[in-house]
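Chemist:
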Amino acid sequence: MQLAVAGGFVFAPDDPRKYVLNFLSDNRRTGISDCNRINGSWQQEETSLRFEACAAGRSLCPPGSPHNNLALNLRDVVAYEFRAGQLILTISIEGVEMEFESRD
Numbered sequence: 017m018q019l020a021v022a023g024g025f026v027f028a029p030d031d032p033r034k035y036v037l038n039f040l041s042d043n044r045r046t047g048i049s050d051c052n053r054i055n056g057s058w059q060q061e062e063t064s065l066r067f068e069a070c071a072a073g074r075s076l077c078p079p080g081s082p083h084n085n086l087a088l089n090l091r092d093v094v095a096y097e098f099r100a101g102q103l104i105l106t107i108s109i110e111g112v113e114m115e116f117e118s119r120d
């Protein structure tokens, strides 16, 4: 997982395995964001994607953790695409994208 913002700055975790999104067939979403669990629902229409009812734990993650940036930006996702095997989530703020690797 990494979060790229306007101006070219990138937030990337030390351990990407601590950042996981699971898309379930019943339009539920679960996952991990550093030291917190996240969940909610998702809706898709063509290339449009929207996360609803986003909830995250309230544990205080270590300094430098991109958890807060991820949790805040997930609620603003508006579109997705796949690039070179990566899931790219675009939010409503121009130039901001989140990138996730696929898991086996």
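In this text, residue positions in the sequence shown follow the working numbering: the first is 17, and each later residue adds one. By construction, the Cβ of each residue, glycine as well, lies at the ideal position given by its N, Cα and C atoms.
#1: DSSP on alanine 95, reduced to helix/strand/coil?
#2: Enumerate in chain order the residues of its own chain whose CB-to-CB distance from isoleucine 104 is below 6 Å, with the five nearest sequence positions on each side excluded.
#3: Across which residues does DSSP place phenylalanine 25 in a beta bridge pair?
#4: Does the stretch 60–69 come close enough to the stretch 18–32 to have 3 or more Cβ pairs within less than 8 Å?
#5: Return no unless some Cβ of chain D is closer than 8 Å to the Cβ of leucine 103.
#6: Could you check whether aspartate 42 and histidine 83 sit closer than 8 Å to each other, using their CB atoms as the reference points?
#7: Which two residues bound the contiguous alpha helix (DSSP H) that contains leucine 88?
Modeler: This is what the structure holds:
#1: Alanine 95 falls in the strand class under three-state DSSP.
#2: If we look at isoleucine 104 and ignore the five residues flanking it on each side, its Cβ neighbours are Glu97, Glu113 and Glu115.
#3: According to DSSP, phenylalanine 25 bridges with nothing at all.
#4: The stretch 18–32 and the stretch 60–69 do not touch, with fewer than three beta-carbon pairs separated by less than 8 Å.
#5: Note that chain D does not occur in the displayed structure, where there is just one protein chain.
#6: For histidine 83 and aspartate 42, no; Cβs fall outside 8 Å.
#7: Looking at the DSSP string, the run of the alpha helix (DSSP H) that includes leucine 88 is 83–90.
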